[in-house]
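Number of protein chains: 2
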Amino acid sequence: MSRDVQPSFADVGAAAERIRPFAHRTPVLTCSSLDAMVGASLFFKCENFQKVGAFKFRGACNAVFSLGEEEAQRGVATHSSGNHAAALSLAARLRGIPAHVVMPRTSRAVKRAAVAGYGGRIVLCEPTLAAREATLAEVIADTGATVIHPYTDARVIAGQGTAALELLEDVRGLDVVMTPVGGGGLLSGTAISVTSLSPATRVVAAEPEGADDAFRSLQEGRIVPSVNPQTVCDGLLTSLGTLTFAIIRERLAEIVTVSDAAVIRAMRHVWERMKIVIEPSAAVTLGALLEGRLPVSGLRVGIILSGGNVDLSELPWGQNQ
Amino acid sequence: MSRDVQPSFADVGAAAERIRPFAHRTPVLTCSSLDAMVGASLFFKCENFQKVGAFKFRGACNAVFSLGEEEAQRGVATHSSGNHAAALSLAARLRGIPAHVVMPRTSRAVKRAAVAGYGGRIVLCEPTLAAREATLAEVIADTGATVIHPYTDARVIAGQGTAALELLEDVRGLDVVMTPVGGGGLLSGTAISVTSLSPATRVVAAEPEGADDAFRSLQEGRIVPSVNPQTVCDGLLTSLGTLTFAIIRERLAEIVTVSDAAVIRAMRHVWERMKIVIEPSAAVTLGALLEGRLPVSGLRVGIILSGGNVDLSELPWGQNQ
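In structure tokens form, the structure reads like this:
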């Protein structure tokens, strides 16, 4: 499977087989009080319970275990510093190969600790995109490691599509499946699974108003870069890639925007009502529904809760109020 | 079933049948990183996912649906203001009868809102035990309602025992089953189920050091009242009742104590690693294990996570650090 070509639904199926020994089959939860708030039947696919606390493990794991033996032994590398870096580190450790993670020296200690905890080798650099790319190039020159991009990679996209595959296996007759959208890996993988397995089901992503580059990209028919995004959703700051953009357009996925206020409200509702921890980026979908950005009255809506990695010392609501 | 006589294991089985249409069969979750911290295999019974967010719904529901038709029509009453009040309100609503909840006028708005949200009728009183009891007596005189005590009630204890019953059905070969202990309803119900179904399994409760009246009661062989308890575990402030104390002694349940610092650490670990929300009272068991209060190296340990009702605006760890 070439990493630059759109993955097929068969690739998603192969990814599901490949990652099965390593990834959790996450549960689908429901919540009657959230259903009542939205006026729909909501089915939450809990990727916050996935290994490393995010769906990202699916794509990273599929990519790492897709490598040939010789290629694998030289290791993998990335300059992401979020959930993808942690996911790649764990997937590499499970295969017994090194993962090199280029991170800006200004990155937070908690993020470095997560990557190191999963066995990733951290290479610090100056906090500019040029420095990150130059440092990554050095790492590759030194080690021969394979770069695994967080979303512009067919193996990663196919892996992310396995979450929707499982959701559709567990819940029949969904009218809509929703995901967040940042770089578009989860959305494009989801679109492949849903359009293949359940063509009548709409695929709708939610995106923060302050980082609405994907929304505008679909409107304008070209990739609009994410410039100075302002949102509490730290996992949704990136722009679409050519591969994810093409899949999203061809599979007719839709995008709605949502305010940060609604995201925080939705996040808090999920913690309070469902008693589960999700990160702000995972709350954009419910936030959009609470804000009425997508009419779903009476519908059956699948929602992929993308992750649960939150710094519990920096919650987006006031304390002691 | 008399409410003042020790319930049998058959009573627990009958309770399980009675509450089945209304209560959740909660999942049992595991977490490899918490296992590694403790050096044991931990099986978490997630009563934070129970209706009203706590195991208390089991006992309240069993009590409410045990009432005869005529008795039930006069309603139920309590002067608890925590999870039991919410649980009793919901159980009563499900049966279509009134629940009268006497609460001190100083009780927090969030607690009142919870009770009212489940349909309970709140009767405010002065914040003294005498006023609460007098007001409850007035309510009973006015309405003929049946008082459902939060733990000194065989129907409630039998209901609480259904959590351990499910845990033992789902997980075989447990060496230990752990619960928190406040008034002893959950602990005594658990002891009935475990000693009946799996006699080789130890039953061990954890109690905050600053509210260790149950620990001292077992040591001294008499009920030591809880006087001025100091702990973050607001669900564990009460003393044992005669009924729960007798069951706990006869069934040879053990009690270990735990510091509040370990409770908070354990609570945070569960949120961070398992991505689920539990309240401080539910974290005493894992806290005790983290603190080495019970040697469990290599053992299989069932832990009943008692509830997940937390005020998200008042978390017991610092923010923006």
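Going line by line, the protein sequences match chains A and B. Here the first sequence stands for residues 1 to 321, where the numbers follow the working numbering. Here the second sequence stands for residues 1001 to 1321, where the numbers follow the working numbering. Glycine included, each C-beta is placed from N, C-alpha and C at the ideal position. Predicted model only: the values in this text are computed from it and were never measured.
### Query
When DSSP builds the beta bridges, which residues end up paired with arginine 121 of chain A?
A:His100
### Task
Using a Cβ cut-off of 7 Å, pull out every chain A residue sitting near phenylalanine 1049 of chain B, in sequence order please.
Lys275
#### Entry: C-alpha distance - proline 1295 of chain B paired with valine 1176 of chain B, whole-angstrom precision
11 Å
### Query
Got a sec? Which residues, its chain only, sit under 8 Å from glutamate 1133 of chain B by beta carbon, not counting five neighbours each side?
His1079
### Task
Measure the C-alpha to C-alpha separation of glutamate 126 of chain A and valine 101 of chain A and round it to an integer number of angstroms.
14 Å
### Uninterrupted alpha helix (DSSP H) stretches inside the region 16 to 53 of chain A (no shorter than 4 residues)
32 to 38
### DSSP-derived helix/strand/coil call for proline 1280 of chain B
helix
#### Entry: Contact with chain A by glutamate 1220 of chain B, beta-carbon distance below 8 Å
no
### Neighbourhood of serine 1089 of chain B by C-beta, 6 Å cutoff - its chain only, sequence neighbours within 5 removed
Ala1099, Val1115, Tyr1118, Gly1119 and Gly1120
### Query
So, does the CB of alanine 268 of chain A fall closer than 8 Å to a CB anywhere in chain B?
A quick correction: the sequence has arginine, not alanine, at residue 268 of chain A. Arginine 268 of chain A counts as touching chain B.
### Message
Would glutamate 166 of chain A pass as an interface residue toward chain B - the criterion being a Cβ-Cβ separation below 8 Å?
### Response
no
### Query
Ordered along the chain, which non-local residues of its own chain (more than five positions away) have a Cβ less than 6 Å from that of aspartate 1234 of chain B?
none
### Query
Since lysine 56 of chain A and isoleucine 303 of chain A are thought to touch, with beta carbons under 8 Å apart, how far apart are those beta carbons, to the nearest angstrom?
Lysine 56 of chain A to isoleucine 303 of chain A, Cβ: 17 Å. No contact.
### Query
Which of helix, strand or coil does DSSP assign to glycine 1210 of chain B?
helix
### Task
Compare the C-beta of glycine 1039 of chain B against all C-beta atoms of chain A and say whether one is closer than 8 Å.
no
### Query
What separation, rounded to the nearest whole angstrom, lies between the Cα atoms of serine 8 of chain A and tyrosine 1151 of chain B?
58 Å
### Query
Who are the neighbours of leucine 1312 of chain B on chain A, taking C-beta pairs under 7 Å?
Arg268, Trp271, Glu272 and Trp317
### Task
Check whether the Cβ of glutamine 1321 of chain B lies closer than 8 Å to any Cβ atom in chain A.
Since pLDDT at glutamine 1321 of chain B reaches only 46, below the 50 mark, its modelled position is unreliable, and no value is offered.
#### Entry: Terminal residues of the alpha helix (DSSP H) in which threonine 135 of chain A lies
129 to 143
### Message
Rounded to the nearest angstrom, what separates glycine 1161 of chain B and serine 1226 of chain B at their Cα positions?
### Response
24 Å
### Query
Using a Cβ-Cβ distance under 8 Å, would glycine 1189 of chain B count as near chain A?
no
### Message
Going by DSSP, what residue range makes up the beta strand (DSSP E) through isoleucine 255 of chain A?
### Response
254 to 258
### Query
Where does threonine 231 of chain A fall in DSSP's three states?
coil
### Task
Name, please, each residue of chain A whose Cβ falls closer than 7 Å to the Cβ of glycine 1144 of chain B.
Near glycine 1144 of chain B there are no residues of chain A at all, since even the closest Cβ is about 32 Å away, more than 7 Å.
### Query
What separation, rounded to the nearest whole angstrom, lies between the Cα atoms of tryptophan 1317 of chain B and tryptophan 317 of chain A?
14 Å
#### Entry: Secondary structure, alpha helix (DSSP H): runs of 4+ residues fully inside the region 139 to 218 of chain A
154 to 170 and 185 to 197
### Query
If you pair each beta-carbon of the region 1190 to 1203 of chain B with each one of the region 1213 to 1226 of chain B, do three or more pairs fall below 8 Å?
no
### Task
Go to arginine 58 of chain A, then tell me how far its beta strand (DSSP E) extends in each direction, as first and last residue.
It is not in any beta strand (DSSP E) - arginine 58 of chain A instead sits in the alpha helix (DSSP H) that spans 56 to 66.
### Query
Looking at the unbroken alpha helix (DSSP H) that takes in leucine 243 of chain A, where does it start and where does it end?
242 to 250
### Query
Looking at C-beta atoms only, is the number of pairs between the region 1263 to 1275 of chain B and the region 1021 to 1035 of chain B that lie closer than 8 Å three or more?
yes
#### Entry: Among B:Ala1040, B:Gly1096 and B:Thr1231, nearest to glutamine 1073 of chain B - alpha-carbon criterion
B:Gly1096
#### Entry: C-beta neighbour in chain A for glycine 1159 of chain B, strict 8 Å
no
### Query
Run through DSSP, which three-state label would isoleucine 1304 of chain B get?
strand
### Message
Let me confirm a value: threonine 1242 of chain B is counted as buried when at least 16 other C-beta atoms fall within 10 Å, else exposed. Which label applies?
### Response
exposed
### Query
Using 8 Å as the limit for Cβ to Cβ distance, is leucine 308 of chain A near chain B?
Here the sequence assigns glycine to residue 308 of chain A, which means leucine is not the residue at that position. Chain B contact via Cβ: present.
### Query
DSSP beta-bridge partners for valine 1076 of chain B?
B:Ala1099 and B:Thr1146
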